[in-house]
Amino acid sequence: MTQAETIVRKSVSYFQIGGTTAEDLDRELERRGPTTRASGSRHPGATQIKFGGELDYVQSAGRCRIGNVDVTLDTRIILPQWKNRKRAKGDLALIWDALSSDIKRHEERHAEIARQYARKLERTLKKLRPQRNCDAMQAKVAEATDGVIAAHDTAQMDFDRVEAVNFENRMMRILEYRAGQNTPKN
Numbered sequence: 029m030t031q032a033e034t035i036v037r038k039s040v041s042y043f044q045i046g047g048t049t050a051e052d053l054d055r056e057l058e059r060r061g062p063t064t065r066a067s068g069s070r071h072p073g074a075t076q077i078k079f080g081g082e083l084d085y086v087q088s089a090g091r092c093r094i095g096n097v098d099v100t101l102d103t104r105i106i107l108p109q110w111k112n113r114k115r116a117k118g119d120l121a122l123i124w125d126a127l128s129s130d131i132k133r134h135e136e137r138h139a140e141i142a143r144q145y146a147r148k149l150e151r152t153l154k155k156l157r158p159q160r161n162c163d164a165m166q167a168k169v170a171e172a173t174d175g176v177i178a179a180h181d182t183a184q185m186d187f188d189r190v191e192a193v194n195f196e197n198r199m200m201r202i203l204e205y206r207a208g209q210n211t212p213k214n
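Heads up, the numbering used here is the position in the sequence shown plus 28, with the first residue counted as 1.
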């Protein structure tokens, strides 16, 4: 029987931004935000994703099968931290809180998509049928891994595409909700 375990490690780091106006914050995010490999440009947040792991090949009865499978996933979420937040007043604080919570939610979702695909990779490898030899099995593992990683990359890009389209509406809903929470009730 094949054993499998997905090992997930997550870390969060921050980059500092300064400024006292919305324009300052925008400029700082563009100047200091993490650069992503996919676009080569800076973003207000990022999630670094690294899949890895180990598996054993077991040769028996003239066939080669998968033994133990350990898929690993390391995610590092990189978020902005505004050093002037405590001194911010009114609307700018409201806007920053809405924006920073949306950035965090967005990056956490990227990490969750990666976790889903790490588990899918584990299940896919575990289900591979024995092959005539371990070279053939290794080729099946590579093919299965490439397929799951390609599907993962597509899911991440699809998520970003949908998020970009809905960003403005989502921010308006968040701002309206937060403004409503800060309005005194008579």
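The beta carbon of each residue, even a glycine, is placed where N, CA and C say it ideally should be.
As the structure is a computational prediction, the values presented were derived from the model and not from experiment.
In this chain, the beta strand (DSSP E) harbouring Gln87 covers 74 to 88.
Taken atom to atom, the span from the alpha-carbon of Gly208 to that of Arg55 is near 28 Å. The distance from the Cβ of Lys168 to that of Leu156 is about 5 Å, consistent with a contact at the 8 Å cut-off. DSSP links Pro108 through a beta bridge to Phe43. Within the same chain, Cβ atoms closer than 6 Å to the Cβ of Arg104 are found at Ser39, Gln76, the five residues on either side in sequence being excluded. Around the C-beta of Met185, fewer than 16 other C-beta atoms lie within 10 Å, and the residue is accordingly described as exposed. Shortest Cα-Cα distance from Asp84 to any of Ala74, Asn96, Gly73, Lys78 involves Asn96. For Ala50, the enclosing alpha helix (DSSP H) starts and ends at 50 to 60.
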